[in-house]
Amino acid sequence: MIKEQLNVLINLAASDKTVGEKEAKIIHTIGKANGLTRDEVEQMMKNPRPIGDLSSFTEDQKFENLYLLIQLMKSDGQVFKSEIHFCEEIAERLGYKKGVVAELSSRIYSDPSITADRKMLVERAHKFLK
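Heads up, the sequence shown is in this note's numbering, so the first residue is 2 and it goes up one at a time.
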């Protein structure tokens, strides 16, 4: 399951045609925290796979994916339209309405060390479930 999640993040990072240093660092950190080696993550970044079926994720996994996706989108300090559209598309595939991206992105920080009130974010995201 973590490889599926990481693959989604890699696809987002590449959606603006280049994977930034901060984006790559976050992807590596998430991979390492979930037991993947640096080489495994590098291989995934070199050969991103198409995004599979996300409907089998639990509600917690869906939120976690969305949270990480928005955090990664903001990590390089620039948010491109292509990244916003990608996040909205993934949000829909996770079972949310597109508006969840705008709702959460104003409350999710690009720096992983600054954590938002996750309980509040989960409640807000829940309102956008289809």
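Backbone N, C-alpha and C define an ideal beta-carbon position, used for all residues, glycine too.
Query	Result
Beta-carbon gap between G53 and E5 smaller than 8 Å	yes
Cutoff 7 Å; reference L130; Cβ partners in own chain excluding five residues on either side	G96 and Y97
Span of the alpha helix (DSSP H) around S106	G100 to S106
At least three beta-carbon pairs within less than 8 Å, the segment 63-78 to the segment 15-27	yes
When R94, T38, I11 and A103 are compared against Q62, the one with the closest alpha-carbon	R94
Residue of M45, K128 and N35 minimising C-alpha distance to A15	M45
For I109, the first and last residue of its enclosing alpha helix (DSSP H)	Taken as a continuous stretch (DSSP letters only), I109 belongs to no alpha helix (DSSP H), as it is neither H nor E.
Residue burial classification, G32 (beta-carbon count within 10 angstroms, cutoff 16)	buried
Per-residue DSSP class, three states only, for L95	coil
For L70, three-class secondary structure by DSSP	helix
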